[in-house]
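Working notes, structure below.
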Amino acid sequence: MTNRSPIMIPGAYAKAGPIVFWSLVAGALVAVIAVGANEFLKAGAARRSDPSDATLVERGRTVYDRHCAACHGAQLEGQANWQSRLPNGRMPAPPHDASGHTWHHPDEVLFGIVKEGLRPGKYAPPGYKSDMPAFGGTLADDETAAVIAYIMSRWPREIQLRQAEIDRNARTRR
Ligand code: HEC
73 MTNRSPIMIP GAYAKAGPIV FWSLVAGALV AVIAVGANEF LKAGAARRSD
123 PSDATLVERG RTVYDRHCAA CHGAQLEGQA NWQSRLPNGR MPAPPHDASG
173 HTWHHPDEVL FGIVKEGLRP GKYAPPGYKS DMPAFGGTLA DDETAAVIAY
223 IMSRWPREIQ LRQAEIDRNA RTRR
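Shown next, in the form of structure tokens:
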């Protein structure tokens, strides 16, 4: 007589146990890896600033005109006498074109400055006071990546290549 009472079930599981158990573990691992890889790719995509991506650049132009041009200039020319301190002791907004300093930074630093501002101790000396706002609460990460792509797209080819090399060197140091 076959006994199908609940009492038998733990026994049945015990026999099937190792296979069921390891399948579940393997399934869970695959799920964790898949979710992790997806998050990683999403983060990478959000930070990717490719100046040859026309759609991204166009989106970045809109962000720039709305959020950056008032200080950094409609043509990325910066404020007048941008290398001299203002009466309040702070620096004016620098140009983002080839004449400025922006292209001396790796991608991740540009992204960080726009998102966090010139955060003292990270992107500026401790106690540093700056008029550069932090855009983390205003712009989504992909908008930040887009505006950087737009700025990059305005650099001459030679400057793009030099910045790309600065970026590569920064990545291999990490
Ligand atoms: C209210 C004025 C203002 C606005 C708006 C503004 N910035 Fe700035 N930004 C500054 C100033 C001022 C500095 C220089 C700060 C310093 O050196 O203390 C600066 C510096 C920077 C730097 C660092 C440049 C370098 O050479 O190190 C980047 C990058 C930057 N801004 C990007 C942006 C972007 C992108 C936007 C728009 C999303 C933006 N800024 C909007 C005022 C502004």
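When the letters of the sequence shown are read in order and numbered with this note's numbering, they come out as residues 73 to 246.
Ideal Cβ positions, reconstructed from N, Cα and C, are used throughout, including at glycine.
All figures in this text were calculated on a predicted structure; none of them were measured in a lab.
At a threshold of 7 Å, does residue i count as lining ligand 1 (C-beta to nearest heavy atom)?
i      : result
Pro197 : no
Gly161 : no
Gly172 : yes
Ser124 : no
Leu148 : no
Ser202 : yes
Leu182 : yes
Pro178 : no
Val129 : no
Ala66  : Nothing about residue 66 can be reported from this structure: the residues present for the chain run from 73 to 246 only.
Pro205 : yes
Ile231 : no
Ile238 : no
Pro166 : yes
Ala242 : no
Leu190 : yes
Using C-beta distances below 8 Å, list every residue in its chain close to residue i, excluding the 5 sequence neighbours before and after it, in chain order.
i      : result
Leu101 : none
Gly199 : Pro192
Gly184 : Arg191, Lys194 and Tyr195
Ala170 : Trp227, Pro228 and Ile231
Lys114 : For Lys114, the predicted structure reports a pLDDT of 49, less than 50, and the residue's modelled location is therefore unreliable. The matter cannot be settled from this model.
Thr174 : Pro166, Pro167, His168, Leu182 and Ile223
Val219 : Gly132, Val135, Tyr136, His139, Cys140, Val186 and Leu211
Give me, in chain order, the residues of the same chain whose beta-carbon lies closer than 7 Å to that of residue i; leave out the 5 immediate sequence neighbours on both sides.
i      : result
Ala117 : At Ala117, the pLDDT of 48 sits below 50, so the modelled position is not reliable and the matter cannot be decided from this model.
Ala221 : Ser121, Asp122, Pro123, Asp125, Leu128, Val129 and Gly132
Ser225 : Pro123 and Val129
Leu158 : Pro164
Ala98  : none
Asn172 : For the record, residue 172 in the displayed sequence is Gly; it is not Asn. If we look at Gly172 and ignore the five residues flanking it on each side, its Cβ neighbours are Gly150 and Pro166.
Looking only at its own chain, which residues have a Cβ that is under 6 Å from the Cβ of residue i, when we skip the five neighbours before and after it?
i      : result
Asp203 : Arg162
Arg243 : none
Ala141 : none
Glu237 : none
If you compare alpha carbons, which of the options is closest to residue i?
i      : options                           : result
His168 : Leu158, Asn160, Pro159 and Trp154 : Trp154
Ala146 : Ser156, Pro197, Gly209 and Ile223 : Ile223
Leu182 : Arg234, Arg246, His139 and Asp239 : Asp239
Val233 : Asp179, Lys187, Thr134 and Ala212 : According to the sequence shown, residue 233 is Leu rather than Val. Residue Asp179 is the option with its Cα nearest to Leu233.
Ala212 : Arg245, Val135, Thr244 and His177 : Val135
Ala206 : Lys187, Pro197 and Glu215         : Lys187
Thr210 : Gln151, Thr174, His176 and Arg138 : Arg138
Identify every run of the alpha helix (DSSP H) within the region 169-230, keeping only runs that are complete inside it and at least 4 residues long; order them along the chain. Here the runs fully enclosed are 179-188 and 213-225.
Suppose only complete runs of 4+ residues qualify. What are the alpha helix (DSSP H) ranges in the region 126-175, listed by chain order? Qualifying alpha helix (DSSP H) stretches, in chain order: 126-139 and 141-144.
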